[in-house]
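There are 2 protein chains.
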Amino acid sequence: MTIKDIARLCGVSVSTVSRVINDRPDVSPAVRAAVLETVRSCNYIPNNSARVLVRSNSDAVGLVVRGVSNPFYSDIIKVIGREIDAAGYTMVMQQINSSADEIGTGAIMEREKKLRGIVFLGGRSDYTAEELRPITVPFVCCSYDNSFGVLPRDRLSSVSIDDGQTAYRAVSELCALGHRRIAALVAGTDDRSISELRYHGYLRALKDHGIEPEEALVACAGSFSMEDAYRATRLLASGGAEFTAMFIIADAMAIAAIKALEDTGREVPRDCSVIAVDGLALSQYTRPTLTTMCQPSERMGEESVRILLDMIEGRAGNRSLVLEPLLRSGGSVAPPRRARD
Amino acid sequence: MTIKDIARLCGVSVSTVSRVINDRPDVSPAVRAAVLETVRSCNYIPNNSARVLVRSNSDAVGLVVRGVSNPFYSDIIKVIGREIDAAGYTMVMQQINSSADEIGTGAIMEREKKLRGIVFLGGRSDYTAEELRPITVPFVCCSYDNSFGVLPRDRLSSVSIDDGQTAYRAVSELCALGHRRIAALVAGTDDRSISELRYHGYLRALKDHGIEPEEALVACAGSFSMEDAYRATRLLASGGAEFTAMFIIADAMAIAAIKALEDTGREVPRDCSVIAVDGLALSQYTRPTLTTMCQPSERMGEESVRILLDMIEGRAGNRSLVLEPLLRSGGSVAPPRRARD
DNA sequence: AACGTTATCGGCAACGTTCCCGGTAACGTT
DNA sequence: AACGTTACCGGGAACGTTGCCGATAACGTT
Chain Z
1 MTIKDIARLC GVSVSTVSRV INDRPDVSPA VRAAVLETVR SCNYIPNNSA
51 RVLVRSNSDA VGLVVRGVSN PFYSDIIKVI GREIDAAGYT MVMQQINSSA
101 DEIGTGAIME REKKLRGIVF LGGRSDYTAE ELRPITVPFV CCSYDNSFGV
151 LPRDRLSSVS IDDGQTAYRA VSELCALGHR RIAALVAGTD DRSISELRYH
201 GYLRALKDHG IEPEEALVAC AGSFSMEDAY RATRLLASGG AEFTAMFIIA
251 DAMAIAAIKA LEDTGREVPR DCSVIAVDGL ALSQYTRPTL TTMCQPSERM
301 GEESVRILLD MIEGRAGNRS LVLEPLLRSG GSVAPPRRAR D
Chain L
1001 MTIKDIARLC GVSVSTVSRV INDRPDVSPA VRAAVLETVR SCNYIPNNSA
1051 RVLVRSNSDA VGLVVRGVSN PFYSDIIKVI GREIDAAGYT MVMQQINSSA
1101 DEIGTGAIME REKKLRGIVF LGGRSDYTAE ELRPITVPFV CCSYDNSFGV
1151 LPRDRLSSVS IDDGQTAYRA VSELCALGHR RIAALVAGTD DRSISELRYH
1201 GYLRALKDHG IEPEEALVAC AGSFSMEDAY RATRLLASGG AEFTAMFIIA
1251 DAMAIAAIKA LEDTGREVPR DCSVIAVDGL ALSQYTRPTL TTMCQPSERM
1301 GEESVRILLD MIEGRAGNRS LVLEPLLRSG GSVAPPRRAR D
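From first to last, the protein sequence lines are chains Z and L.
160 is the number that the numbering used here gives to position 160 of the first sequence; each next residue is one higher, with no gaps.
Numbers given in the numbering used here equal positions in the second sequence, counted from 1, plus 1000.
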């Protein structure tokens, strides 16, 4: 069933069928109706490959996500997928694990010819402009805070929260309650990832409240996984370090950390308050419920593809959006108990 | 940069270049090397659309998933994506919400021309053979238990656990501890979904243990979401019904249900044991940890694409796999307290 | 020496579209 | 009546591949 068949069936030329299919003018209402009718009755579907070939552009937009294990991304993927579909595009998803050059070069570059645009989700924050060069289609970084300005701001589209500021607010919350010995659980401190941005916010908040950061109070899980978070927290908790609160860079990690705390004899929030950032739906159902900075994931997904499509379809250029997180108070934060010493 | 350019650059014909690109014989080692070299140095990538057009088959396999909110699917999506990539195919993901005909017809049918195969994740269990007819490419249903035999077994590939039997085992576990009044939380009872399969296992287990099922003890959430699960459980718990244990068809729902139970004054497992099925990594970190029937999600994902690719590449025909779940004991189950009356 | 074989290679049609360009008929306009 | 305009339509090249078929040269084989 090709356009040629339809043409023959209607007694018109291929060109005419093409015109009605693509909703172009210069075709009489009668013919248009007739063609439409046979198209429907034969339920003919234009061959996408042929279309792409001749127009040299497709309807595919890529979603490359790093670290699918992070449940926060599941939420975002969901809305990104929904929005891409709604706009009539096709989403092709690609997961990457770690090696960052996969992004700039191989995996994507290979597909590039087919893609109209790309949304990056959860990549590290230190793409260099150089790495990004091979990408010639529009792209937007979702959940990517360009605060460090590593990327020239006029060449990057992104939507995110201000990770540093968000962490700052969270930690300040703890300080306001009187906490002075505040531990942190991060995924890593050596790259310019979301983890480090939030870590810096933590440091800044401590300093602004006159607290000297202590090396011994920051646990590094090495990844965003619950398993690693549990292990790292356990290590911290059994290390003899004294702290009355913890700042944790992600909800999922916080949930694991809370278990680690309790497994080592500390009750949350009585013995240790916990505040996190992400705002998973899930963390309203744990015990205790999590006090956390909610990222507007719905909005982040929507805006990401809106911006991307604006670029793809030439309606607008680069744009970056910094969204405001919202503190959701749960049961994991309380004032510190009176110091024992 | 087309195949023609490469040909010109090498001083050979287009055919020859095509031959070396596709790793076909009938080309001298010298020429092959030369072509390969220029291909690399120009980093030429064959135009996929043209390929697909002429060969009339692509490298895309579809993943259509219903209910992305279910965190169990996140795990599976992850491994499915990984495996599809590894095999050199491209994954295009499509979410659907509810209306089942989207599956059989529209969304897929539209894309069909491009897809080599499809893996369905989380669709309802009552596709009719009729609905499936329009799908002409190989497909496999992941996490789909065809126990009801609604589909002719020789026309369907699937990989799943035996949902009924799994629920049966879970509930039997409760019975063995002495529980007699066992409530159930399901997503729905009216369709032939996973929810109903598990629900039937629950009923069967009760009967086999001489317990008369009670309408009043089954709560229907209406979906797999935590929100609905919480609401339904709360309703059940505040309804005056007496029960010492709950069987819940999904981990995520169980987590929400536990909160509902505790919010209405019942402690888990002291006042009410909870057993679920899924086996999310997450549920090892909640408090209490969840006793649950673990689905081998890793294996399910792997086998799904293995089966699919076997069909696509003509290595094998339909195949169905029923995997064995594993009971993971957590802290949410205990013997019933002595009856009060 | 004539012939079959084999190893290499190029030509060319085809895949299903889109889109430019040119053509025809019908209809004013002067 | 000759001309320009408009509305509609078809022809055909092009998009970048693949794969069939035929061509050539080199090499045995009888």
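Note that beta-carbon positions come from the ideal geometry of N, C-alpha and C, so glycine has one too.
Treat the numbers as computed from the prediction; the structure is a model and nothing was measured.
At a Cβ threshold of 8 Å, is residue i touching chain Z?
i         : result
L/TYR1089 : no
L/THR1286 : yes
L/ILE1255 : yes
L/GLU1262 : yes
L/LEU1053 : yes
L/GLY1106 : Bear in mind that a pLDDT of 48 at L/GLY1106, under 50, signals an unreliable position, so the model cannot answer this.
L/VAL1092 : yes
L/ALA1281 : yes
L/ASP1085 : yes
L/GLN1165 : no
L/LYS1207 : no
I want to see whether chain L comes within less than 8 Å of residue i, judged by CB atoms only; does it?
i        : result
Z/TYR48  : According to the sequence shown, residue 48 of chain Z is Asn rather than Tyr. Yes, contact with chain L.
Z/LEU326 : no
Z/MET226 : yes
Z/LYS114 : yes
Z/LYS4   : no
For residue i, is the classification buried or exposed, using 16 other Cβ atoms within 10 angstroms of its Cβ as the cut-off for buried?
i         : result
Z/GLY106  : In this predicted model, Z/GLY106 has a pLDDT of only 49, less than 50, meaning its place in the structure is not dependable; the value taken from the coordinates is given anyway. Answer is exposed; the Cβ neighbour count stays below 16.
L/PRO1325 : buried
Z/SER157  : buried
Z/THR2    : exposed
Z/SER15   : exposed
Z/VAL54   : exposed
L/GLY1164 : buried
Z/LYS78   : buried
L/GLY1314 : exposed
L/CYS1042 : exposed
L/SER1013 : exposed
L/ASN1022 : exposed
Z/LYS114  : buried
Z/SER193  : buried
Z/ARG133  : exposed
Z/VAL11   : Looking at the sequence provided, one finds Gly at residue 11 of chain Z rather than Val. Exposed: under 16 other Cβ atoms inside 10 Å.
Is the beta carbon of residue i sitting closer than 8 Å to the one on residue j?
i         : j         : result
Z/ALA241  : Z/LEU217  : yes
L/PHE1120 : L/SER1297 : no
L/ILE1248 : L/LEU1185 : yes
Z/ILE161  : Z/LEU174  : no
L/PRO1335 : L/GLY1178 : yes
Z/VAL333  : Z/THR291  : yes
L/ASP1145 : L/LEU1197 : yes
L/VAL1039 : L/GLY1062 : no
L/ARG1287 : Z/GLU262  : yes
Z/ILE307  : Z/VAL159  : yes
L/MET1300 : L/ILE1118 : no
Z/GLY391  : Z/PRO269  : It is not possible to answer for residue 391 of chain Z, since the shown part of chain Z is limited to 1 through 341.
Z/GLU302  : Z/GLU83   : yes
Z/THR166  : Z/GLY201  : yes
L/GLN1095 : Z/GLY81   : yes
Between which residues of its own chain and residue i is the CB-CB distance below 7 Å, once the five residues before and five after are set aside?
i         : result
L/ARG1180 : ILE1211
L/ALA1229 : LEU1185, ALA1221, MET1253, ALA1256, ALA1257
Z/ASN318  : ASP154, ARG155, LEU156, SER157
Considering only residues of the same chain and omitting the five flanking positions on each side of residue i, which have a CB-CB separation below 6 Å?
i         : result
Z/MET226  : ALA252, ALA256
L/ASP1059 : TYR1089, THR1090
Z/ALA205  : TYR168, VAL171, SER172
Z/ASN70   : PHE224
In its own chain, which residues sit with a C-beta less than 8 Å from the C-beta of residue i, not counting the 5 before and 5 after it?
i         : result
L/THR1244 : HIS1179, ARG1180, ARG1181, ILE1182, ASP1271, CYS1272, SER1273, PRO1336, ARG1337
Z/ARG116  : ASN57, SER58, ASP59, ALA60, VAL61, TYR89, VAL137, PRO138, ILE312
L/ALA1219 : ALA1183, ALA1184, LEU1185, VAL1186, ALA1232, THR1233, LEU1235, LEU1236
Short of 9 Å Cβ to Cβ, which residues in the stretch 67–81 of chain Z face chain L?
VAL68, SER69, PRO71, TYR73, SER74, ASP75, ILE77, LYS78, GLY81
Using Cβ-Cβ distances below 9 Å, what residues of the stretch 292–303 of chain Z are close to chain L?
none
Give, in chain order, every residue of the stretch 228–242 of chain Z whose Cβ lies closer than 8 Å to some Cβ of chain L.
TYR230
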